[in-house]
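Notes for the one structure printed next.
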Amino acid sequence: MITRKKIILLTLFLAMQLTGVYAIKILHGPYLQNVSETEATIVWVTDVPSLGWVETAPDDGNNFYACARPRFYDTKIGVKQEALIHTVKLTGLQPGTRYRYRVNAQEVIKHVGNHVYYGRMTGNDVWSKAAPAFTTLNTQKSNASFVIVNDIHENSSKLATLLEKSRCKEKDIMFFNGDMLSLFDDAERKFFKGFMDTAVHICAQNVPLYYVRGNHETRGNKAPTFQDYVCPRVPNLYFTVQHGPIFFVCLDTGEDKPDTDIEYYGITDYDNYRSEQATWLKQVIASDAFKQARYRVVVCHVPPRTGATAWHGDLEVQRKFVSILNEANIDLMICGHLHAFSYREPDSSAKFPILINSHEAAVIADANAERLQVEVMETDGKISFTKTLK
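FYI, the numbering for the sequence shown is 3 to 392, going by the working numbering.
Below, the structure written as structure tokens:
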């Protein structure tokens, strides 16, 4: 007698046989987010719902398959996620230490009651090529290097040129300082094919990447899901990074027009968001880690401006952030947004220098105990600006 249970099991068996023809794929990633001295988050995307996990190994010269490697699973409230976008936080890492890793996924065919039926597994190739690897941050390191790009607006070829010519693979860390896309309404075409796939191919698998949101990332029907891709597993899109002698303060400047503007259709509340962030900023500059840092660098998309040409967002940054930073001995602020380069020496409105990078250049910097060297490199590889801060 054929029971209903047997029919279900037969159906699932046939479905699993079909998966022998179809293999689960990793579509995008992996790439690094929120790397610190003791933690790192890995992000990747699969083509079907799956369970995800990351295996780690020390960079000790032994084969990745020399032993069973520690596993970190994509979980939420203690349950392994069935997801397309996987985000796994690695914890218990050591400062200034290099780790190899492999991302893995197993297709979830069906979840009936307490029974989960799995399909094929996949992972990034660590048998025919070297496993991706990254180095955790180290506040005791005597020097540090970084690169910043901004306002790419889905121009992947331009991004490739800037990353390759800036030799980003040799830098300690890198920043995307906003407006990497124009409208976040299609993650596949705009977020990944527009720029992130290029970054992954060149360096984002191995170099810690920190994404500072611009005003264009706030737009589009995918904008509320932005944190699924960037800064996952942390509470906010504003944050601090400390590496070597540099303490970075990364601010989310939000939109550039008033919240009441017709372009936003009544869905934005960035004035209150920036006010909440200002409260956080006061706590940051009061911390011992901030005060004791050799250099203090602020990274934000919208620059502060005053006067007749200033927009609402510019004025908000000036009123709510610069008023606090003016009392914090900031060494440099790096912005984007205006699609044109400028450098402002300290003045009465901002008591620290402000470098505004164009959409056609990368900011490259190296720091040690004696100086912070900053250069601007154009797409042709030429250095158009150099500044040494002592």
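Think of the CB as a built atom: it goes at the ideal place given N, C-alpha and C, for glycine as much as any other residue.
Going by beta carbon distance, what residues of the same chain come within less than 6 angstroms of residue i, once the five residues before and after it are set aside?
{"i": "G54", "result": "D76, H88 and A107"}
{"i": "V319", "result": "T255, V304 and P306"}
{"i": "P72", "result": "T58"}
{"i": "K392", "result": "R373"}
{"i": "T390", "result": "R373 and Q375"}
{"i": "V90", "result": "I44, V56, F74 and D76"}
{"i": "R221", "result": "L185"}
{"i": "T21", "result": "Only weak support is given to the placement of T21: the predicted model assigns it a pLDDT of 44, under 50, and the value that follows is read from those uncertain coordinates. If we look at T21 and ignore the five residues flanking it on each side, its Cβ neighbours are G121 and R122."}
Which word fits residue i, buried or exposed, when buried means at least 16 other C-beta atoms lie within 10 angstroms of its C-beta?
{"i": "C205", "result": "buried"}
{"i": "T270", "result": "buried"}
{"i": "P32", "result": "buried"}
{"i": "G94", "result": "exposed"}
{"i": "S38", "result": "buried"}
{"i": "C69", "result": "exposed"}
{"i": "H203", "result": "exposed"}
{"i": "E190", "result": "exposed"}
{"i": "Q142", "result": "exposed"}
{"i": "Y267", "result": "exposed"}
{"i": "N152", "result": "buried"}
{"i": "I358", "result": "buried"}
{"i": "I356", "result": "buried"}
{"i": "V378", "result": "buried"}
{"i": "I79", "result": "exposed"}
Among the candidates the options, whose CA atom is the shortest distance from the CA of residue i?
{"i": "F343", "options": "C252, S360 and R296", "result": "S360"}
{"i": "V301", "options": "I366, S130, Y267 and D254", "result": "D254"}
{"i": "M335", "options": "V376, H341, E318 and E362", "result": "V376"}
{"i": "K353", "options": "P306, L164, Q279 and S52", "result": "P306"}
{"i": "F186", "options": "E219, I150, Q279 and C337", "result": "E219"}
{"i": "N328", "options": "H341, C337, P348 and G309", "result": "P348"}
{"i": "L161", "options": "Q142, K195, E190 and A189", "result": "K195"}
{"i": "D199", "options": "R169, L29, F74 and D188", "result": "L29"}
{"i": "A146", "options": "Y345, G121 and Q244", "result": "Q244"}
{"i": "Y345", "options": "D188, S386, V151 and S277", "result": "S386"}
{"i": "G309", "options": "N238, E109, S351 and S184", "result": "S351"}
{"i": "E278", "options": "E109, G268, I150 and N238", "result": "N238"}
{"i": "Q207", "options": "D62, K293, G121 and R100", "result": "R100"}
{"i": "A330", "options": "I358, K293 and C337", "result": "K293"}
{"i": "Q83", "options": "D61, K27, G63 and E109", "result": "E109"}
Can you give the beta carbon distance from residue i to residue j, rounded, assuming they're within the 8 angstroms contact cut?
{"i": "D181", "j": "N217", "result": "7 angstroms"}
{"i": "P97", "j": "T40", "result": "7 angstroms"}
{"i": "F197", "j": "I154", "result": "5 angstroms"}
{"i": "L283", "j": "F323", "result": "6 angstroms"}
Might you give, ordered along the chain, the residues of its own chain that have their beta carbon closer than 7 angstroms to the beta carbon of residue i, omitting 5 neighbours on each side?
{"i": "F148", "result": "K173, D174, I175, M176, F177 and A367"}
{"i": "E362", "result": "E380 and T381"}
{"i": "I326", "result": "A280, L283, K284 and I287"}
{"i": "V23", "result": "Interpretation of V23 is limited by its pLDDT of 48, a score under 50 that renders its predicted location unreliable; no figure is taken from the coordinates."}
{"i": "P234", "result": "Q35, T43, V45 and T89"}
{"i": "Y272", "result": "G256, E257 and D261"}
When you compare the CB positions of residue i and residue j, do they come within less than 8 angstroms of one another, or not?
{"i": "F394", "j": "L34", "result": "The structure shown does not extend to residue 394, since the chain is modelled only from 3 through 392, so no value can be given for it."}
{"i": "R298", "j": "D261", "result": "no"}
{"i": "A42", "j": "T138", "result": "yes"}
{"i": "L164", "j": "A295", "result": "no"}
{"i": "Y231", "j": "V114", "result": "no"}
{"i": "L92", "j": "V128", "result": "no"}
{"i": "V214", "j": "N157", "result": "no"}
{"i": "K171", "j": "V209", "result": "yes"}
{"i": "A25", "j": "P51", "result": "no"}
{"i": "F250", "j": "A291", "result": "no"}
{"i": "A201", "j": "L211", "result": "yes"}
Grab me the residues of residue i's own chain with a C-beta within less than 8 angstroms of its C-beta, minus the 5 sequence neighbours each way, in chain order.
{"i": "A133", "result": "A59, F66, R102, Y103, R104 and N126"}
{"i": "Y275", "result": "D254 and G256"}
{"i": "V81", "result": "none"}
{"i": "S144", "result": "G246, P247, N370 and A371"}
{"i": "D258", "result": "N217, V304, W313, H314, G315, D316 and H339"}
{"i": "Q229", "result": "L239"}
Can a CB atom of chain B be found closer than 8 angstroms to the CB of residue i?
{"i": "I366", "result": "Protein chains in the displayed structure number just one, and chain B is not present."}
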